[in-house]
């Protein structure tokens, strides 16, 4: 059994046509994907995400606002806690910091304050965090430590950093999740991390519809492709793909406890 620990089913191109999302879900199940975590990135579409979980027992959801989302509802701690109490919600996020597109000298305190509120909500609910981190490594890890993110812990989603950064995150109790990027020929540093880190601290994901793994790179990604991530990690570690699938599935349900009954 495989688990796609991070996907955006509501944003799949397939979802724009009647019946096609069902085909994507069926393809995932046929590929051995037994559970999918559909991750929320804004509150305006939370209802769509929640409906997917309500209609599919093998789909769980999160609630949160992505660090780069600026036009929708700004989440308060109370609002995140209110939505996060739903048993289908197994995590808070995705949240974190993303300085990739910020202008030189731009004050990013608004992102940091939003991140703090997500951490506070996760602590209140005792539900894990899904962390997005891009070009903001030191600030992200600093805030995680200062705000007590180690209490609920969580996962560093779509990890692309080096071993030192992975070690710092794991010291805070976080899992490291690998996406299709680990299959890219250019991702040598990331592949070294995947080969080195403890298997019991690892998750796999698609981040679909983005970042399709080789051999689907450049196409719309789907949960069915998560097995290619497992296969690449298995090659890097000299173990079977089944061993990676078994370990990452066990890790997922250990972290996202509510997913068993979602």
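Numbering (my numbering), first residue to last: -10 to 251. We put the CB at the ideal spot given by N, CA and C, even for glycine.
For residue 159, name the three-state secondary structure that DSSP assigns. As a first step, residue 159 must be located in the chain shown, where it is residue number 170. In this structure, residue 159 counts as helix in the three-state DSSP scheme.
Can you tell me whether residue 228 is helix, strand or coil according to DSSP? The residue given as residue 228 occupies position 239 in the chain shown. Coil, per DSSP.
Rounded C-alpha distance that separates residue 238 from residue -8: Taking the first residue of the chain shown as position 1, residue 238 is located at position 249. Taking the first residue of the chain shown as position 1, residue -8 is located at position 3. If you take the alpha carbons of residue 238 and residue -8, they lie about 6 Å apart.
Between the segment 164 to 184 and the segment 133 to 150, do at least 3 Cβ pairs fall closer than 8 Å? yes
In terms of alpha-carbon separation, which member of 172, 189, 126, 104 lies closest to residue 207? Here residue 207 corresponds to residue number 218 of the chain shown, with the count starting at 1. It is 172 whose Cα lies nearest to the Cα of residue 207.
Straight-line Cα distance separating residue 213 from residue 16: Here residue 16 refers to the residue found at position 27 of the chain shown. Here residue 213 refers to the residue found at position 224 of the chain shown. Roughly 6 Å between the two C-alpha positions.
Kindly indicate which residue of 189, 152, 97 has the alpha-carbon position closest to the one of residue 179. As a first step, residue 179 must be located in the chain shown, where it is residue number 190. When only C-alpha atoms are compared, the closest one is 152.
Would you list the residues sitting across from residue 256 in a DSSP beta bridge? Nothing about residue 256 can be read from this structure; the chain reaches only from -10 to 251.
Thinking residue 2 and residue 41 are a contact (beta carbons under 8 Å), I'd like their distance in whole angstroms, please. Indexing the chain shown from 1 puts residue 2 at position 13. Indexing the chain shown from 1 puts residue 41 at position 52. Between residue 41 and residue 2 the Cβ distance is about 15 Å, and since that is not below 8 Å, they are no contact.
Given 8 Å, three or more beta-carbon pairs between the segment 196 to 211 and the segment 229 to 238: no
Assuming residue 111 contacts residue 86 (C-beta within less than 8 Å), just tell me the rounded distance between them. The residue you call residue 111 lines up with position 122 of the chain shown. The residue you call residue 86 lines up with position 97 of the chain shown. Going by Cβ atoms, the distance from residue 111 to residue 86 rounds to 15 Å, so no, they are not a contact pair.
Residues that residue -8 bridges to, as DSSP identifies them: Numbered from its first residue, the chain shown carries residue -8 at position 3. Paired residue(s): 24.
On a CA-only basis, which of 229, 228, 199, 194 is nearest residue 218? Give me that one, please. Counted from its first residue, the chain shown places residue 218 at position 229. That would be 194, whose Cα lies nearest to the Cα of residue 218.
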